[in-house]
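Novice: 922 is the number of the first residue of the sequence shown in my numbering; add one for each residue after it.
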Amino acid sequence: MSNVREERLELYRSIWNSCKDLQGSMDGYEMKNYIFVMMFYRFMSESFVYWFNKPEWDAGNKEFDYANWSDEEALNWKEDTVKKKGYFILPSQLFGNVFKKATEDKGFAEEINTFLSDIFRSIESSAIGFSSEDDIKGLFTSISWNDTKLGTEVLERNKKIVEVMGEIESSKFDFISTHEIDVLGDAYEYLMGEYAATSGKKGGEFYTPPEVSRLLTKIAVGDKTYISGGVYDPACGSGSLLLKCVAFLGAKNVSEICGQEKNMTTYNLCRMNMFLHGVNYNKFDIKHGDTLEYPDPYHFKKRFEIILSNPPYSAKWAGEDDVKLLTDPRFEQVGALAPKNAADFAFILHCLYLLSSTGKAVIVCATGVLTRLGKEKSIRKWLVNQNYIESVIYLAGNLFYGTGINTVIIVLNKAKTDSSVLFVDATNIFTKDRGKNRLSDADIERILKIYRDRVDVPFVAKVASNNEIEEKEYDMGMKAYIDSPVKTEEVDIVTLNSDIEDTVKKINGLRYSVNEIIKEIEC
């Protein structure tokens, strides 16, 4: 590992340890929102200052610093700045200036909650009427500075807020001098991973492990170098899958990044994550809402080239209780709706509907979706007969946060060149790491090779024709197509003979005892 990478990891670990120290009576899942918001606030401030300063620095005015301006002077530049940057922060509202004042002015520190609320409202309102409005609106609404878990009294809560600001301020990130936006983005991802790992089932709701994201991205992207039809995730969580695609290709090589998220807090985290990874507001379109019942109208009209998703497993949804879903264009051709207690196929059909004619969707589901009967069998039958399923890759268990269940990758392709499905048993392809199963780089490449080769491999892969799947009554479980290797065990003949000899002696001894008992009875 390079020194730079090791230094970054050490930095991320130190921030994580500081975050744990700050939790107090608030659990990590809740505390993460305050940490992330403060990180984002600092990022927005320093990004804004750097953007404002750079032209002056380039012109030779190295002493210029927007942070030292008066608010009155800065306001003269507000409209033009928002048009280009997407938002506006007054000098007095910058993270560094606010924290400095909180350490010098006791009265200010004791009312920091009120000042921060005003500042965040001001930042959000600065975008009203501009093209960035929807991307900035509500970014800071996921936290309450008056949450009693921060402290039972106002002064106690404000003290905690200043402590959080202090930890973020004291971190070694220096965006202005290094311009390394990826460091902040990576730190954000590192903290998300740590919080997800320690948040139980909740962790899996907002974060997909990075190695799984890499596998899904590489399957979807293939050898493409530019995605003209955009990338989409209907259950985008914190945006980790979308951002992995951006990292793989580069933001300039993805025409548009779209997603929808039901949970408001996670939706805000996703938008922050986009900014922190250098994705400008005019490049992404992340919406809040229930994708299945209220899909975003803009997304609904589009047809995406790449769709990546790890939707909630076996989630509940309205299903047949909502009569309008029966005539929804996503579902009406199928003739069946996913069960109310398992929305997996609802997400799959949603992805299929929004997929372009040459696009590919890569979706992670719980394995039961491929074997259960009833409506889910009917949907599998339709998908196979329409020739939309390209591959089914069974993954190892215990890869995801909050659940140890086995999962499966379903690859949909509207431009298939044959009438078959590749089944892959990758349940034994993983690396043990701190009680979890992980996919190492070698593991990922091994799975990708099997996927790309698309040939039969004994005990690992099977290319099954659609007719064969029909003959198996659309059971798409792994065991229906891939045999398990017969386990053989080496036998030590000497030991075996010795064991047999001992057993015979015991049997003879028992026979003698029984005969003696019979003699006594007969007497």
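Cβ coordinates follow ideal geometry from the N, Cα and C atoms, glycine included.
Might you give, ordered along the chain, the residues of its own chain that have their beta carbon closer than 8 Å to the beta carbon of residue 1348, omitting 5 neighbours on each side?
Specialist: Locating residue 1348 in the sequence shown gives position 427, counting from the first residue. If we look at residue 1348 and ignore the five residues flanking it on each side, its Cβ neighbours are 1315, 1316, 1317, 1318, 1327 and 1399.
Novice: My parser needs the alpha helix (DSSP H) runs of 4 or more residues fully inside the segment 1010-1089; what are they?
Specialist: Whole alpha helix (DSSP H) segments, 4+ residues: 1016-1025, 1027-1030, 1033-1046 and 1054-1057.
Novice: Could you pull out every residue in the same chain whose Cβ sits closer than 6 Å to the Cβ of residue 1056, ignoring the five residues on either side in sequence?
Specialist: On the sequence shown, position 135 is the one that residue 1056 refers to. Counting only Cβ-Cβ distances below 6 Å, and skipping sequence neighbours, we find 1202.
Novice: In terms of alpha-carbon separation, which member of 1276, 1252 and 1278 lies closest to residue 1267?
Specialist: Reading the sequence shown from its first residue, position 346 is the one you call residue 1267. Checked all of 1276, 1252 and 1278; the closest Cα to residue 1267 is 1252.
Novice: If you drop the 5 nearest sequence neighbours on each side, which residues of the same chain put their C-beta closer than 8 Å to that of residue 1169?
Specialist: By one-based count along the sequence shown, residue 1169 stands at place 248. Contacts found: 1135, 1138, 1139 and 1142.
Novice: Name the two residues that bound the continuous alpha helix (DSSP H) containing residue 1161.
Specialist: Mapped onto the sequence shown, residue 1161 falls at position 240. Residue 1161 -> alpha helix (DSSP H) spans 1161-1170.
Novice: Starting from residue 1272, follow the alpha helix (DSSP H) in both directions and report where the run begins and ends.
Specialist: Reading the sequence shown from its first residue, position 351 is the one you call residue 1272. Note, residue 1272: alpha helix (DSSP H), 1265-1274.
Novice: If we ignore side chains and look at the alpha-carbon of each, how far apart do residue 1046 and residue 965 end up?
Specialist: One-based indexing of the sequence shown puts residue 1046 at position 125. One-based indexing of the sequence shown puts residue 965 at position 44. Residue 1046 and residue 965: Cα-Cα distance of roughly 15 Å.
Novice: For residue 1226 versus residue 1151, is the C-beta spacing smaller than 8 Å?
Specialist: The residue given as residue 1226 occupies position 305 in the sequence shown. The residue given as residue 1151 occupies position 230 in the sequence shown. The answer is yes: Cβ separation under 8 Å.
Novice: Which residue wins for smallest C-alpha separation from residue 1078, given the options 1054, 1090, 1059 and 1035?
Specialist: Numbered from 1 along the sequence shown, position 157 holds the residue referred to as residue 1078. With distances taken between Cα atoms, residue 1078 lies closest to 1035.
Novice: Return the bridge partner residues of residue 1182 from the DSSP annotation.
Specialist: Counting from 1 along the sequence shown, the entry for residue 1182 is found at position 261. Answer is 1209.
Novice: Just verifying my parser: in three-state terms, what is the DSSP assignment at residue 1282?
Specialist: Reading the sequence shown from its first residue, position 361 is the one you call residue 1282. In the structure shown, residue 1282 sits in a strand (DSSP, three-state: E or B).
Novice: Among the candidates 989, 1074 and 1051, whose CA atom is the shortest distance from the CA of residue 1031?
Specialist: Here the question's residue 1031 lines up with position 110 in the sequence shown. Nearest of 989, 1074 and 1051 to residue 1031, Cα basis: 1074.
Novice: When we look at the beta-carbon of residue 1438 and count the other beta-carbons within 10 Å, is it buried (16 or more) or exposed?
Specialist: Taking the first residue of the sequence shown as 1, we reach residue 1438 at position 517. With fewer than 16 other Cβ atoms within 10 Å, it is exposed.
Novice: Alpha helix (DSSP H) containing residue 1138: first to last residue?
Specialist: Taking the first residue of the sequence shown as position 1, residue 1138 is located at position 217. 1131-1142 is the extent of the alpha helix (DSSP H) around residue 1138.
Novice: Can you give the beta carbon distance from residue 1087 to residue 1020, rounded, assuming they're within the 8 Å contact cut?
Specialist: Reading the sequence shown from its first residue, position 166 is the one you call residue 1087. Reading the sequence shown from its first residue, position 99 is the one you call residue 1020. Right, the Cβ-Cβ distance comes to about 7 Å (below 8 Å), so this counts as a contact.
Novice: Considering residue 1344, what are the terminal residues of the alpha helix (DSSP H) in which it resides?
Specialist: Against the sequence shown, residue 1344 aligns to sequence position 423. Here residue 1344 belongs to no alpha helix (DSSP H); instead the beta strand (DSSP E) covers 1341-1347.
Novice: Is the distance from the Cβ of residue 1232 to the Cβ of residue 1155 below 8 Å?
Specialist: To locate residue 1232, count along the sequence shown from 1; it is residue 311. To locate residue 1155, count along the sequence shown from 1; it is residue 234. In contact: residue 1232 and residue 1155 (Cβ atoms closer than 8 Å).
Novice: Helix, strand or coil for residue 1436, going by three-state DSSP, please let me know.
Specialist: Residue 1436 sits at position 515 when you count from the first residue of the sequence shown. If DSSP states are grouped into helix, strand and coil, residue 1436 belongs with the helices.
Novice: Kindly identify the DSSP beta-bridge partner or partners of residue 1334.
Specialist: Start at 1 with the first residue of the sequence shown, and residue 1334 comes out as number 413. Paired residues: 1281.
Novice: Mapping DSSP to helix, strand and coil, what is residue 1228?
Specialist: Residue numbering aside, residue 1228 sits at position 307 when the sequence shown is read from its first letter. Note: residue 1228 maps to strand in three-state DSSP.
Novice: For residue 1012, I'd like the list of residues in its chain whose CB is within less than 8 Å of its CB, leaving aside the five on either flank, ordered along the chain.
Specialist: Position 91 of the sequence shown, counted from the start, is the residue given in the question as residue 1012. Closer than 8 Å at the Cβ level, and outside the excluded window around residue 1012, lie 987, 988, 989, 990, 991, 992, 995 and 1018.
Novice: Bridge partners for residue 1190 per DSSP, in chain order?
Specialist: Position 269 of the sequence shown holds residue 1190. Looking at the DSSP assignment, residue 1190 forms no beta bridge with any residue, so it has no partner.
Novice: Is the beta carbon of residue 1273 less than 8 Å from the beta carbon of residue 1282?
Specialist: Taking the first residue of the sequence shown as position 1, residue 1273 is located at position 352. Taking the first residue of the sequence shown as position 1, residue 1282 is located at position 361. Yes, they are a contact pair.
Novice: Taking the alpha carbon of residue 1343 as the reference point, which residue from 1305, 985, 1246 and 1208 has its own alpha carbon closest?
Specialist: By one-based count along the sequence shown, residue 1343 stands at place 422. Out of 1305, 985, 1246 and 1208, 1305 has the C-alpha closest to the C-alpha of residue 1343.
Novice: With distances taken Cα to Cα, identify the nearest neighbour of residue 910 among 1388, 1321 and 1433.
Specialist: The question about residue 910 has no answer here: the residues shown for the chain are numbered 922 through 1444.
Novice: Answer yes or no: do residue 1219 and residue 1206 have a C-beta to C-beta separation smaller than 8 Å?
Specialist: As a position in the sequence shown, residue 1219 is number 298, starting the count at 1. As a position in the sequence shown, residue 1206 is number 285, starting the count at 1. It is a contact, given that the beta carbons lie within the stated cut-off.
Novice: Which residue comes first and which comes last in the alpha helix (DSSP H) that contains residue 1219?
Specialist: Here residue 1219 corresponds to residue number 298 of the sequence shown, with the count starting at 1. Its alpha helix (DSSP H) spans residues 1218-1222.
Novice: Taking only the alpha-carbon atoms, compute the straight-line gap between residue 1434 and residue 1421 and give it to the nearest angstrom.
Specialist: What you label residue 1434 is simply residue 513 of the sequence shown in a count that begins at 1. What you label residue 1421 is simply residue 500 of the sequence shown in a count that begins at 1. Cα to Cα, the separation comes out at about 20 Å.
Novice: Going along the chain, which residues of its own chain have a beta-carbon closer than 7 Å to the beta-carbon of residue 1085, five neighbours each way excluded?
Specialist: As a working note, residue 1085 is residue 164 in the sequence shown. The residues are 943, 955, 956 and 959.
Novice: Between residue 1384 and residue 1375, how many whole angstroms is the CB-CB distance? I'm expecting something under 8 Å.
Specialist: Looking up residue 1384 in the sequence shown gives position 463. Looking up residue 1375 in the sequence shown gives position 454. So it is a contact: roughly 6 Å between Cβ atoms.
Novice: For residue 1417, count the other beta carbons within 10 Å of its own beta carbon; 16 or more makes it buried, fewer makes it exposed. Which is it?
Specialist: Within the sequence shown, the letter at position 496 stands for residue 1417. Result: exposed.
Novice: From the DSSP output, in three-state form, read off residue 922 for me.
Specialist: Mapped onto the sequence shown, residue 922 falls at position 1. Residue placement at residue 922 is flagged as unreliable, the pLDDT there being 47, under the threshold of 50; the coordinate-derived value follows with that caveat. Residue 922: coil per DSSP, three-state reduction.
Novice: Can you tell which of 972, 1023, 979 and 1292 has the C-alpha that lies nearest to the C-alpha of residue 998?
Specialist: Indexing the sequence shown from 1 puts residue 998 at position 77. It is 972.
Novice: Determine the direct distance from the alpha carbon of residue 1112 to that of residue 1334, and round the result to whole angstroms.
Specialist: Position 413 of the sequence shown holds residue 1334. Position 191 of the sequence shown holds residue 1112. Approximately 34 Å, taken between the alpha carbons.
Novice: Per DSSP, what kind of secondary structure is residue 905 in: helix, strand or coil?
Specialist: The chain is shown only over 922 to 1444; residue 905 falls outside these bounds and no answer can be derived.
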